[in-house]
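In our numbering, the protein residues as written are -8 to 716.
Note that CB positions come from ideal geometry on N, CA and C, so glycine has one too.
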Amino acid sequence: MRKFLLGLITFFLLCAVIGGILLFVWIKSIPIPDFQSFNERKVVQSTKIYDRTGKIILYDIHENIKRTVIPYEDIPIYIKNATVAIEDSNFYQHRGISITGIIRAFMTNIKSGKIKGQGGSTITQQLIKNTFLTPEKTFTRKIKEVILSFKLERAVSKEEILTLYLNEVPYGGSNYGIEAASQSFFNKSAKDLNLAESAYLAALPQAPSYYSPYGIHTDELEQRKNLVLKRMLDLSFIEEGTYEENKNKKITFTNPDEKNIKAPHFVMFIKNYLEENYGEDMAENGGLKVITTIDLDLQKEAEKLVFDYSKENEEKFNAKNAGLVAVDPKTGQILVMVGSKNYFDENYEGKFNVTLAKRQPGSAFKPFVYATAFKRGYTPQTVVFDLKTEFNSSCNPDGSPKEGTKEEECYHPVNYDGIFRGPITLKDALAQSINIPAIKTLYLAGLKNSLETAQSLGITTLTDPLRYGLTLVLGGGEVTLLEMTGAYSVFANNGIKNKTTGILKIEDSRGNIIEEFIPEPKSVLDQKVVIMINNILSDNNARTPAFGESSWLYFPKREVAVKTGTTNDYRDAWVIGYTPNFALGVWVGNNNNTSMEKKVAGFIAAPLWNSFFKKVFEKLPKEDFLKPENINTELLSGVKPILKGYWKGNRIYLIDKTTQNPATENTPSESIEEKILTQIHCILYWVDKNNPAGEIPINPEKDSQFISWETPVREWVKNQNIKED
């Protein structure tokens, strides 16, 4: 037994020795690359992004690659120190890798759960990885990266490594190296960069698309730039006064030209997706073939219309920008994305994608609230009173503050036209976008319930019910045009949600499919509720009192559901509409939140929306919505009178039709007729909002809103001289 164990140990030792020798030979055989051959780097592995046909290239990431190599002495000390501070603070101490940096980065990324977490590679490793190795994340590749980093550190000086790195690192788009980045972003040579500009550029390499000054994460870029400055302060590269001076310093970015790019906002949206899901290196240099969902013919039509109408809207309404998104409701695929009037506009943040920006939706949010009310048992025929109403129970019903309440805390909003209509059905209130009934509907449906409905349809930006209050139904939260259009597409698809996507297929450099679109439909909204919403939003007669009989929202030969939205101070105008096979959202406004002329959305955003839908109808087959006739009887059967439109009362009694006397047990059934006592009250008198189908509340005044709603109703009844039973 002892001999056997000794033999076994000897065998393993021999294997270890042989393995060590082979590893040593392999390590010695790995050559140090020629770092002077920048023009021969692996740009042949450039990622290419295609339209939905897979034949037309929208963007070749490296087709217009820019790089100008400059010597160490022409690189300003600011950019050297800023880069070392944020990327590799121990650069001058380590020998190629940093064990503590790798551990720290691993723990940070585990906590963040994001690719934009902290990187663990040293500047030396990044140079090796970006320049000479393939982007695949394999164990062998990582070993080569470490070995070459050690070899490089022994072969050249730290100054040479930093110079090579700053001439090679990607700063976004086709800009490689500090000189190309400086020229593109600031229209100046790198040697003329100031500290704040250097900090911005040093902030970019970690995630160039995410932190792009032309993207939607400019706040995050500002935070990272300030982190660069703070790290420089901590490392004594700058003093406290210099840090404070540059932290809030205003810097202007020029708008570099992007040539040979189609559907540019959409392309950058896809590029950002690739970077978040596969990493910067793979997205840039992995040789990926990305087939997207974009319909290039429709995209071109949309870009032209957005440009033309934006020019007209600027002249007429002081609305300088617009965005447009189209989604296929049956698949969730993005067919069109136009993020601004002109991606190449240097004077108006053309590269900023407004379809991904968080903006208040105004009344465009109302369908989610009404859908929630319908889920809870209310019907399109349910009536609420459109009267001047105080919604803060800490104030008096007339809108004056109670003791201990400030006047500005009272909340009694008005309708867009200043008119109060008295009793109105939920259908007419939604179709005509009347505010007071919408706020009451939100209260009845429940704020939390309404948010859950919106989230189930795909809205991810509204997460805190305590933040919004009853203003949510008027657009008090912030959403994106892309998510709103995707959420409306669930109505179009009869309550079936498809995840919004821009990807059909992704192949790696060897032709292997690494991602492919697979339909994952999910039922998130009862079809009966959807039919009610679609019927309301597509009923031109119902919206005519507000928009006119032949408005921009109406198509004589097509059934189209649509909702507009205008925010406070006229900062945003929305129109989102759909057919069963196409969802289209349009936003009009100003990037800087300045107000437009005081017109409703139908006069600002709707002409663009209408014109593009007409282009769509030229190639899109006609489909109609499911009709509500089959569900009306079922919905209204057995429900309280107040829930099916009898606003004059809710108490039923039976009479004998032949005698008009109260019915008795001897009255023939064919002679019995239902009558409702005329007792006019607000809906909270008849309905417990937490159980609308339940018994009439015994003490309705226990509801905090009851007195505020009931008081104007009783005054209205008195002024109308209505006789009650």
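Residue E701 holds the alpha-carbon nearest to the alpha-carbon of E692 among M475, E701, D530, G206.
Taken in chain order, the whole alpha helix (DSSP H) runs of length 4 or more contained in the region 39 to 83 are 68 to 78. Close CB contacts of A533 within its chain, under the 8 Å cut and outside five residues either way in sequence, are with K418, D419, A422, Q423, I527 (chain order). One thing to note: A597 has its Cβ no nearer than 7 Å to the Cβ of S480. Secondary structure of T491 (DSSP, three-state): coil.
Of the other Cβ atoms in all chains shown, 16 or more fall within 10 Å of the Cβ of V708; this residue is therefore buried.
Assignment of beta strand (DSSP E) within the region 404 to 480, counting only whole runs of 3 or more residues, yields 413 to 416 in chain order. Sorting C673, I505, T59, Y402 by C-alpha distance to the C-alpha of G168 places T59 at the top. In this structure the region 201 to 211 does not lie against the region 76 to 88, because fewer than three pairs of beta carbons, one per stretch, are closer than 8 Å. Taking K589 as the centre and dropping the five residues before and after it, the same chain places the C-beta of Y561 closer than 8 Å to its C-beta, in chain order. Inter-residue distance for L668 and K610 is about 55 Å (C-alpha atoms, whole angstroms). Taking a cut-off of 8 Å on C-beta distances, the region 238 to 246 does not touch the region 314 to 329, as fewer than three cross pairs fall below it.
Here T557 is bridged, per DSSP, to A564. Rounded to whole angstroms, K714 and Q518 show a C-alpha spacing of 41 Å. Closest in alpha carbon position to S331, among V297, E306, T557, is V297. Straight across, the Cα-Cα distance linking I595 with N304 is about 7 Å. In the three-state scheme derived from DSSP, where H, G and I count as helix and E and B as strand, F616 is classed as coil. Counting only residues of its own chain and dropping the five nearest sequence neighbours on each side, E275 has a CB closer than 7 Å to the CB of T38, I52, P161. Boundaries of the alpha helix (DSSP H) harbouring V704: 697 to 711, taken from the DSSP string. According to the DSSP secondary-structure assignment, D530 is paired through a beta bridge with no residue.
Between D65 and K182, the C-beta gap is smaller than 7 Å, which places the two residues in contact. When the alpha-carbon of N309 is set against those of L315, A317, V316, Y300, the nearest one is in Y300. In the three-state DSSP reduction, F228 falls in the coil class, being neither helix nor strand. Non-local C-beta neighbours of E498 in its own chain, meaning closer than 6 Å and more than five positions away in sequence, comprise K280, I504, ordered along the chain.
A direct Cα-to-Cα measurement between L195 and I261 gives close to 18 Å.
V520 carries a helical assignment under DSSP once its states are collapsed to helix, strand and coil. As for any alpha helix (DSSP H) of minimum length 4 sitting wholly inside the region 276 to 336, the runs are 287 to 308, ordered along the chain. Taken through DSSP and simplified to helix, strand or coil, S180 comes out as coil. Taking a C-beta distance under 7 Å as the contact criterion, F365 and M475 do not qualify as a contact pair.
Of the other Cβ atoms in all chains shown, 16 or more fall within 10 Å of the Cβ of R215; this residue is therefore buried.
Around E170, the same chain offers T59, I61, A181 as residues with beta carbons nearer than 6 Å, after the five sequence neighbours per side are excluded. Per DSSP, the unbroken alpha helix (DSSP H) holding F257 starts and ends at 255 to 269.
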